[in-house]
Amino acid sequence: MDNITCVVTCFVERDGQPKLKRAQVTRACERCRNLRRACSDFRPCQRCVNHGLADQCLGMPGPVQLAWRGPALGGASTNPLVTTGYHGHALHYGPHDAVGRLARLLPVAILDYCTERFFAKLYTTIPILTPEHVTRLKSSAGASEAGLEAHCLLAALCAMVLLQVEEPDSLYRQGLATEKNAAYGERLLEEALSVHRSLGRKSNPSYELCLLTFFLYACHATLLHHSQAFIFLRETTTLWLLLKPSSHGPSVKLLIDRLFWVLLISERSHGVRYRRPVTLQITAETPPLLSPTESDSDSDSDSVLGGFASLAALFVPLDTSFVAALNHEKLAAPPTAASLSYIECCVNTALNPTLRLQDTQKANLRVTQLWLRIILWQIRLRLGHLTEDAAKHSLTFHYPLEVAKDLTLSTRDLALGSIKVHGVGLTEKLFDIASAVVDVLARVPITPSSPHGVGTSPRDDLNYVRRLITQLPGGRDIYDALLDKHIEQAVPGMHLGQVHALPS
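In case it helps, my numbering puts the sequence shown at residues 1 to 504.
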C-alpha cells in the first residue's frame, strides 16, 4: 500500500492566472495506509471526503476568514477569499476550499442585495428568515460543519432570488455581476448542491440544514426540475419532522413553526399540481399558525403575517384523504358531497377581507383561491356531482367560466411584477384555470342564458388569461404552446387572435 502512486491536483499561478497542475505522490494518504484500503487519485482522497476528514487528508491549516465577517475575527489573512491547502497551493476540495469557493462566487455586495430583495419580495410568502437571523448566518459562516451549512444556505437563498425574483439582467446592469441572473443563479445553485452533497446525514438536523434543503427545492421548482424539486421537498419535510424545537431559542423556534406551514403549503400545492402524495398532517401537536403576539398585533409587519395565515388557511382543508382521492387512490369510500362542500367553504372563507395586503400577497391569494375552486370542480366532475341546473354555481358544468371572469376582474388592478414574482408555480395555476375553461367551451354550449355575467365574454376572459400567461415565467416558452395545442384539439374552430402584452 505504501508504494501506491497517487495524483494530487492543485492550482499554481501562471501569468497571473491559476492553472491546473497534476503531480505524482508515491504514497497513499496516511488514513488509507493505516486502514490498508485503496486510495483515490486525488487529494483529499474520496474516502477521506466521504468521512468528512478532508482536512486531515490535506493537512490544512485553520479556518478560512470570510469577507463579511468583519475585523472582530482578527486579521489572519490579507486575502480572506483564498483558501490555502496542501503545501500552500489552492485546492478545490474539502470544507475550507468549499468556503473559499462560495466566498469568491458570492461577494458581500451580491449577498446583501439578494437578502434585501428576499425580504422585499418573498418574505410575505415564505417568512422563514429574519434580518437578525441572516446576520447570525453571516457571522457563523466558516469551515466548520455548522458554518458550512450557514454559508451554503446563504448561497442557495441568493440563487433562488436570482432565479425567481430578479429581471434577467438586473445585476449585470448595476455592474454587480458579469453574467445574466439566470446563469449566475444556476452557478450558485450548483455550488450549493455540491456542498450539500458533502454534508453528512443527521438524525438531529439543524434549522439551517432544513432551510438549505428548502431553498434547493425552491430553485429546482423555479427551473422546472419537477423530480428534483420533489426529492428536496420530501427531504425538507423529513428533516423538519426530525427537528427538536425545544433545543432552540424563542426566535428560532418561531421560525421553525412558520417553516412547518410553509412546507405544508408547498407540499400540498405540489401534490395537487403534480398528483404527488403528501406527508405533513395537522394534529394536536401542530405548531400554531400565528403566535399569540402575532395574532393580537395590528402592525404592518403582522398584517404581512396575516396574509401568510390566509394562504395557509387555503390549504388546511386539503388533507391527506383529499389528496389521496385526487390521486385516484383506492379508498374505502370516495369523498362525499358534504365533505367537498366543507372544503369549498374553507377555501372561500380563507381570505380575510379586512387585512391590508401587499400586491404580491393579493396576486398569490386570489389566483390560488380561484385555482383551488377549479380543482374542487374537477374532482366533483369526476365523481358525478355536477348538474346543469344546480342552484349552486360551483356544482354546474359551466362554473370554470365564472372562475375565469373572477380571475380577470381580480387581477386587472395588480401590477404584472406582483404576479411574476411568484414564479412558474402561479403560471401553472393559471394554465389549469385556462385549460378548464377550454374544456367547458368545447362541451357546454354558451347561450344567452348562460351565467357569464355582464361585459366580457368567456372567450374574452380566456384570451386575457392567455395573455397573462405569456408574460409570466415559463408562459411563453411552455404553457402558451400547451394551451394552444389544447384549444386546437378541444375547440378547433376557436381563434383567440393575436396575443398582446398586458400593461405592466
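Yeah, the Cβ is synthetic: ideal placement off N, Cα and C, and Gly gets one too.
In whole angstroms, give me the CA-to-CA distance for residue i and residue j.
i	j	result
L154	H51	24 Å
L340	Y399	15 Å
Q24	C48	Model confidence at Q24 stands at a pLDDT of 42, short of 50, so the residue's coordinates are unreliable; what they give is reported in the following sentence. Rounded to whole angstroms, Q24 to C48 spans 19 Å at the Cα level.
L264	L318	10 Å
L239	R31	32 Å
E186	T222	11 Å
R101	V195	10 Å
R275	H133	35 Å
K405	D461	6 Å
T236	L129	16 Å
A28	V99	26 Å
F474	L290	First, the residue type needs correcting, since residue 474 is Gly and not Phe in the sequence shown. Looking at the two C-alpha atoms, the distance is approximately 34 Å.
P131	E285	28 Å
E329	L351	30 Å
P492	A436	16 Å
G425	G249	33 Å
A391	F397	12 Å
E179	L162	12 Å
V444	D389	13 Å
S514	V252	As shown, the chain starts at 1 and ends at 504. That puts residue 514 outside it, with no answer to give.
S303	P288	16 Å
N348	T368	11 Å
T125	I433	22 Å
S206	T213	11 Å
S410	N204	45 Å
Q378	L365	20 Å
Q358	Q46	50 Å
A418	G307	Note that residue 418 corresponds to Ser in the displayed sequence, not to Ala. Cα to Cα, the separation comes out at about 15 Å.
With distances taken from CA atoms, which of the options is nearest residue i?
i	options	result
A183	H196, A159 and N204	A159
G271	T320, S418, K121 and L290	T320
L242	L223, R201 and P250	R201
R476	E428, L441 and R275	E428
L331	A284, A337 and F322	F322
L53	I375, S144, Y113 and F119	S144
V108	A120, R443, A141 and E208	A141
V440	P458, H385 and F431	P458
A325	R37, S227 and L376	L376
R104	R36, H151 and Q378	H151
L510	R467, R273, A192 and L482	The shown model of the chain, from 1 to 504, leaves out residue 510, and the question about it has no answer.
K420	Y123, S198 and Q164	Q164
E116	A146, L157 and S139	L157
P44	S198, R258, I231 and K362	S198
Go ahead and label residue i buried or exposed: buried means 16 or more other beta carbons lie within 10 angstroms of its beta carbon, across all protein chains shown.
i	result
E402	buried
S310	buried
E167	exposed
T387	exposed
C345	exposed
E149	buried
K485	exposed
K244	exposed
D169	exposed
L280	buried
T354	exposed
A76	Caution is warranted here: a pLDDT of 36 is assigned to A76, below 50, making its placement in the model unreliable, and the coordinate value is therefore given only provisionally. Per the 10 Å Cβ criterion, exposed.
A38	exposed
G175	exposed
G384	exposed
Note the first and the last residue of the continuous alpha helix (DSSP H) segment covering residue i.
i	result
A434	V424 to R443
F214	Y207 to T222
F230	H226 to L242
T408	Y399 to T411
Y464	P458 to T470
Q358	Segment: none, Q358 is in no alpha helix (DSSP H) and carries neither H nor E.
G271	P250 to Y274
A337	A337 to N348
N50	Q46 to N50
K420	L416 to K420
D480	D480 to A490
Just checking residue i against the ligand MN - is the residue's beta carbon closer than 8 Å to any of the ligand's heavy atoms?
i	result
N348	Summarising the ligand content, the structure contains no ligands, and the ligand MN is consequently not present.
Beta strand (DSSP E) runs wholly inside the stretch 111-184, at least 3 long, in chain order:
none
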